[in-house]
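Peer 1: Just dropping this structure here.
Protein chains: 2
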Amino acid sequence: MKFTCSQSDLNANLSLVRSAVPNRPTHPILGNVLFVADTEKGLISLTAFDLSLGIRTSFSANVEEDGSITLAAKLLNDIVSRLPEGEITITLEEEDDGEEEQSKVTIESVSGRFQLRGMKADDFPELPTIENVEPVRLPVSALTEGLRGSLFAASTDETKQVLTGVHLSGLQDSLEFAATDGHRLAVVQTPTQQTTEEEDSTPQPESNLEGFAITIPAKALRELERIMTMHKETEAVALYVDEAQVIFELGSQRLTSRKLEGAYPNYEQLIPHQFSRSATLERKRLLSSLERVALLADQKNNLVKFTLAEEKGQLILSVESQDLGSARESMDAQISGESGEIAFNVKYLMDGLKALGAAEIQMQLNQEKQPVIFTPLGGLKMTYLVMPVQIKD
Amino acid sequence: MKFTCSQSDLNANLSLVRSAVPNRPTHPILGNVLFVADTEKGLISLTAFDLSLGIRTSFSANVEEDGSITLAAKLLNDIVSRLPEGEITITLEEEDDGEEEQSKVTIESVSGRFQLRGMKADDFPELPTIENVEPVRLPVSALTEGLRGSLFAASTDETKQVLTGVHLSGLQDSLEFAATDGHRLAVVQTPTQQTTEEEDSTPQPESNLEGFAITIPAKALRELERIMTMHKETEAVALYVDEAQVIFELGSQRLTSRKLEGAYPNYEQLIPHQFSRSATLERKRLLSSLERVALLADQKNNLVKFTLAEEKGQLILSVESQDLGSARESMDAQISGESGEIAFNVKYLMDGLKALGAAEIQMQLNQEKQPVIFTPLGGLKMTYLVMPVQIKD
Numbered sequence: 000m001k002f003t004c005s006q007s008d009l010n011a012n013l014s015l016v017r018s019a020v021p022n023r024p025t026h027p028i029l030g031n032v033l034f035v036a037d038t039e040k041g042l043i044s045l046t047a048f049d050l051s052l053g054i055r056t057s058f059s060a061n062v063e064e065d066g067s068i069t070l071a072a073k074l075l076n077d078i079v080s081r082l083p084e085g086e087i088t089i090t091l092e093e094e095d096d097g098e099e100e101q102s103k104v105t106i107e108s109v110s111g112r113f114q115l116r117g118m119k120a121d122d123f124p125e126l127p128t129i130e131n132v133e134p135v136r137l138p139v140s141a142l143t144e145g146l147r148g149s150l151f152a153a154s155t156d157e158t159k160q161v162l163t164g165v166h167l168s169g170l171q172d173s174l175e176f177a178a179t180d181g182h183r184l185a186v187v188q189t190p191t192q193q194t195t196e197e198e199d200s201t202p203q204p205e206s207n208l209e210g211f212a213i214t215i216p217a218k219a220l221r222e223l224e225r226i227m228t229m230h231k232e233t234e235a236v237a238l239y240v241d242e243a244q245v246i247f248e249l250g251s252q253r254l255t256s257r258k259l260e261g262a263y264p265n266y267e268q269l270i271p272h273q274f275s276r277s278a279t280l281e282r283k284r285l286l287s288s289l290e291r292v293a294l295l296a297d298q299k300n301n302l303v304k305f306t307l308a309e310e311k312g313q314l315i316l317s318v319e320s321q322d323l324g325s326a327r328e329s330m331d332a333q334i335s336g337e338s339g340e341i342a343f344n345v346k347y348l349m350d351g352l353k354a355l356g357a358a359e360i361q362m363q364l365n366q367e368k369q370p371v372i373f374t375p376l377g378g379l380k381m382t383y384l385v386m387p388v389q390i391k392d
Numbered sequence: 000m001k002f003t004c005s006q007s008d009l010n011a012n013l014s015l016v017r018s019a020v021p022n023r024p025t026h027p028i029l030g031n032v033l034f035v036a037d038t039e040k041g042l043i044s045l046t047a048f049d050l051s052l053g054i055r056t057s058f059s060a061n062v063e064e065d066g067s068i069t070l071a072a073k074l075l076n077d078i079v080s081r082l083p084e085g086e087i088t089i090t091l092e093e094e095d096d097g098e099e100e101q102s103k104v105t106i107e108s109v110s111g112r113f114q115l116r117g118m119k120a121d122d123f124p125e126l127p128t129i130e131n132v133e134p135v136r137l138p139v140s141a142l143t144e145g146l147r148g149s150l151f152a153a154s155t156d157e158t159k160q161v162l163t164g165v166h167l168s169g170l171q172d173s174l175e176f177a178a179t180d181g182h183r184l185a186v187v188q189t190p191t192q193q194t195t196e197e198e199d200s201t202p203q204p205e206s207n208l209e210g211f212a213i214t215i216p217a218k219a220l221r222e223l224e225r226i227m228t229m230h231k232e233t234e235a236v237a238l239y240v241d242e243a244q245v246i247f248e249l250g251s252q253r254l255t256s257r258k259l260e261g262a263y264p265n266y267e268q269l270i271p272h273q274f275s276r277s278a279t280l281e282r283k284r285l286l287s288s289l290e291r292v293a294l295l296a297d298q299k300n301n302l303v304k305f306t307l308a309e310e311k312g313q314l315i316l317s318v319e320s321q322d323l324g325s326a327r328e329s330m331d332a333q334i335s336g337e338s339g340e341i342a343f344n345v346k347y348l349m350d351g352l353k354a355l356g357a358a359e360i361q362m363q364l365n366q367e368k369q370p371v372i373f374t375p376l377g378g379l380k381m382t383y384l385v386m387p388v389q390i391k392d
């Protein structure tokens, strides 16, 4: 194997696959990145795979000799990111005779020469493939919007299985994203048809998504989010699904992930559709007030109390801490329905407010123990449901 | 106590004293910052003190009522930094009747009201004072330069006592800064007379520094460095010294620190003045090469080998790691004296190269076990001594 490429290409592509390299690999080779050099196509492909999440990317290079090898991902990334701009030549020094497990790889740049020990490509696990399946095509814009509004609400508790993922389901012209950790729920609908103002834009191929439903680990979707930032909003992601796996393809990048098994909770039935009270609020103002009063919230229950003062047209936030003191902030609010009090975990509110995006939001509620809904006024089609916390007397 | 000030003044001054607040205070009140409000001067002073390092700062405010109180430094800093710009009013709600240990303090801004529990000012330890001593006056520029070139070389091992500080000593027209951890030594001389091109600048009062010698904890000097960044280079720091303490005064800021006891090593005798070999090197090029090859250096001894190739006019850096592989970089160098090899701890070299500052540096050496000297060509008057490491065969 021998090829020459630019430092910036190699560096960008190594960074891209790095997140599929486990920090503590269960087997040494999983800490490596797989290089495959193809003279015919003039391409280098890089693959990292932690047995659940896999990322493959390829880029153009001057390939002199076919071949493949795996190299320590972190070390290589550290070296390449520090090399000066310009050409880098990577050579597999001695072809393996089948007995030695390690081979020498030389990395040459204008500044000097590194020699690393590589491990045989044969020992690197195969990325899952999905054959004979028509992909679903989703615009980058729709996926990006949907993930931004839902990923944060997924559970980080690995024992919660299906709740550690985001549930994607197909509606007639849109894709629905849902994530919940049992305390709050975020649901976003994004259109799957591109609405673009450019006249010469090619309409995206229509995928029939009705009935489509799948739960994908949040970790894999965070990486997908990162990969999408390097692409245009008008590009399309091809999504291949089989019983156990999903594959996202976008330009020369491919991300594979296992699916999460088990039925996703029927969240639709949790969302109330009739409300006795509502308040329209300035999102940033509410968020910055919450960030301040949260400093005094008890670390145990993180409780913040909302007082709706209908006559005054004000929302009052208050926090009491046994040890530290108390905080009280108020802001203008358009309130309809009766005045009253309700309490929340302040962290759940802050997470949701960051994702809602719009300048103004609406809070809709019934009695003080029933779920509360936050929706943006304009922009994203998102519903954020938070369970209130009981106020202690 | 009651006063009104701007959010930005309060925030800046709280941040300034924060570093003298210990993370884990041995007594609760040391986690607090002392507020003293003075109606006559229209000033608020803030003090933090961890019993070794103390910082006091003051700023103008509209003081309605004299008084003093202490408040949890971290919490207050977190709150104030998040308050919107504008006026803040702080009121000590109920004067202490002598029995209660805690008092209520209200912090009001346009956005709302925080109420915190304060602890009595009487219980806050007094900052050391130094009476009837003429201060030494040092230009900010000289102190800043001296500290930048020496602080990094002080030992971080608390058992090494006097080596955890920087030794300052007075020469005829300059101040010498020295720091060593036993493996390397940094010495900087900075002029104490301002050389400024502004014609209307007032000459600094001349302090006779000959014979002056003192060792100050690196931690205190790092804070002094930070305080000085907020002042002009042409300002002067007044340094008061007694048997146990030092006080630095700069504008409305004051930093007190204990001195480090014990004789500082006679480092001057360690520095060789005759050399059989030397090399002139481009500093940034050497530093970036070292940063790359260091990635392969054995974590135990961090060894990098320098090969001086006089005929080729090159310096070759090489690193070998049993586990990872090897690295070799070369760069142009003006070499005088014989070719040969010498090895260093790569981390010590990188630290020193960052501080040396000049575009070109000179490395001067004798035999492979004798100390090596690095000096900048032009700019700072600095000597960086590193002990070489024995090369294993």
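Taken in sequence, the protein lines are chains A and B. If you read the first sequence in numbering that gives the first Met the number 0, its first letter stands for residue 0, the second for the next number, and so on. If you read the second sequence in numbering that gives the first Met the number 0, its first letter stands for residue 0, the second for the next number, and so on. All C-beta atoms, glycine included, are put in the ideal place defined by N, C-alpha and C.
Please identify the residue among A:V161, A:K353, A:P190 and A:S51 whose C-alpha is closest to the C-alpha of A:G261.
Peer 2: Ranking the options by Cα distance to A:G261, first place goes to A:V161.
Peer 1: In this structure, what does DSSP give as the bridge partners for B:I43?
Peer 2: Beta-bridge pairing links B:I43 to B:A36 and B:F58.
Peer 1: Reducing DSSP to helix, strand and coil, say where B:E133 ends up.
Peer 2: Coil at B:E133, not helix or strand.
Peer 1: Does the Cβ-Cβ distance between B:Q6 and B:G117 come in under 8 Å?
Peer 2: Cβ distance not < 8 Å, so B:Q6 and B:G117 don't count as in contact.
Peer 1: By the criterion of Cβ-Cβ separation under 9 Å, what are the contact partners of A:S168 in chain B?
Peer 2: Chain B residues near A:S168: none, gap ~39 Å exceeds 9 Å.
Peer 1: Taking Cβ-Cβ distances shorter than 8 Å, what residues in chain B pair up with A:V77?
Peer 2: One detail in the question is off: residue 77 of chain A reads as Asp in this sequence, not Val. Under the 8 Å cutoff, chain B gives L294.
Peer 1: Spell out the partners DSSP gives A:A237 in its beta bridges.
Peer 2: DSSP lists A:R136 and A:E248 as partners of A:A237.
Peer 1: With distances taken between CB atoms, is the gap from B:N265 to B:N301 smaller than 8 Å?
Peer 2: Not a contact, by the Cβ cut-off of 8 Å.
Peer 1: Ordered along the chain, which non-local residues of its own chain (more than five positions away) have a Cβ less than 8 Å from that of B:I87?
Peer 2: Only T3, C4, S5, Q6, L9, V79, I106, E107 and S108 meet the Cβ criterion.
Peer 1: Is there a C-beta anywhere in chain B that falls below 8 Å from the one on A:Q171?
Peer 2: No, no contact with chain B.
Peer 1: Helix or strand or just coil, what does DSSP make of A:R282?
Peer 2: It is helical.
Peer 1: With DSSP as the reference, identify every bridge partner of B:H166, one or two as the case may be.
Peer 2: In the DSSP output, where bridge partners are listed per residue, B:H166 has B:A177 and B:T214.
Peer 1: Report yes if the CB atom of A:F123 is closer than 8 Å to the CB atom of A:T69, and no otherwise.
Peer 2: Yes.
Peer 1: Would you please verify whether the beta carbon of A:E196 is less than 8 Å from any beta carbon of chain B?
Peer 2: Legend: pLDDT at A:E196 = 47, less than 50; position of this residue unreliable, value from coordinates given subsequently. Closer than 8 Å: no.
Peer 1: Do B:G145 and A:A326 have their C-beta atoms within less than 8 Å of each other?
Peer 2: It is not a contact, given that the beta carbons lie outside the stated cut-off.
Peer 1: Considering only residues of the same chain and omitting the five flanking positions on each side of A:E63, which have a CB-CB separation below 6 Å?
Peer 2: Hits under 6 Å: K1.
Peer 1: Does DSSP classify A:R81 as helix, strand or coil?
Peer 2: Here A:R81 sits in helix by DSSP.
Peer 1: How many angstroms separate the CA atom of A:K304 from the CA atom of A:V318?
Peer 2: If you take the alpha carbons of A:K304 and A:V318, they lie about 6 Å apart.
Peer 1: Which residues does DSSP pair with B:G53 in a beta bridge?
Peer 2: DSSP, once it has assigned bridges, lists B:F48 and B:T255 as partnering B:G53.
Peer 1: What do you get for B:G41, buried or exposed, if any count of 16 or more other CB atoms within 10 angstroms of its CB means buried?
Peer 2: Result: exposed.
Peer 1: Going along the chain, which residues of its own chain have a beta-carbon closer than 8 Å to the beta-carbon of B:N61, five neighbours each way excluded?
Peer 2: Counting only Cβ-Cβ distances below 8 Å, and skipping sequence neighbours, we find F2, T3, C4 and G41.
Peer 1: Measure the alpha-carbon distance for A:T374 versus A:R276 and round it to whole angstroms.
Peer 2: Cα to Cα, the separation comes out at about 14 Å.
Peer 1: Could you tell me whether the Cβ atoms of B:E232 and B:L249 are closer together than 8 Å?
Peer 2: Against a cut-off of 8 Å, the Cβ pair of B:L249 and B:E232 comes out as no contact.
Peer 1: Relative to the C-alpha of B:R55, which candidate in B:E175, B:S67, B:N12 and B:I28 has its C-alpha closest?
Peer 2: Ranking B:E175, B:S67, B:N12 and B:I28 by Cα distance to B:R55 puts B:N12 first.
Peer 1: For A:F123, return the contacting residues in chain B, with the cut-off set at a CB-CB distance below 8 Å.
Peer 2: Here the premise fails: no neighbours, minimum Cβ distance about 19 Å.
Peer 1: From the DSSP output, in three-state form, read off A:T228 for me.
Peer 2: If DSSP states are grouped into helix, strand and coil, A:T228 belongs with coil.
Peer 1: Hey, does B:T201 have any beta-carbon neighbour from chain A nearer than 8 Å?
Peer 2: Its pLDDT being 49, under 50, B:T201 is placed unreliably in this model, and the value from its coordinates should be taken loosely. It does not; no Cβ of chain A falls within 8 Å.
Peer 1: Does the separation of the CB atoms of B:G148 and B:M381 fall below 8 Å?
Peer 2: It is a contact, given that the beta carbons lie within the stated cut-off.
Peer 1: Thinking C-beta only, is A:I215 closer than 8 Å to A:L167?
Peer 2: Contact flag set, yes.
Peer 1: Determine whether the Cβ of A:S7 lies closer than 8 Å to any Cβ atom of chain B.
Peer 2: Cβ-Cβ to chain B under 8 Å: no for A:S7.
Peer 1: Strictly under 8 Å for the Cβ-Cβ distance: is A:A326 near chain B by that measure?
Peer 2: So yes, A:A326 belongs to the interface.
Peer 1: If you check the beta carbons only, do B:M227 and B:T143 fall under 8 Å apart?
Peer 2: Yes, the pair counts as a contact, with Cβ atoms nearer than the cut-off.
Peer 1: With a 10 Å radius around its C-beta and 16 neighbouring C-beta atoms as the bar for buried, classify A:P138 as buried or exposed.
Peer 2: Counting Cβ neighbours within 10 Å, A:P138 comes out buried, since at least 16 surround it.
Peer 1: In angstroms with no decimal places, state the Cα-to-Cα distance between B:P387 and B:T158.
Peer 2: Straight-line Cα distance between these residues: approximately 24 Å.
Peer 1: Can you grab the Cα-Cα spacing for the pair B:V32 / B:G53, in whole Å?
Peer 2: Using only the alpha carbons, I get a separation of about 11 Å.
Peer 1: Any beta carbon from chain A within less than 8 Å of B:L289's own beta carbon?
Peer 2: No, no contact with chain A.
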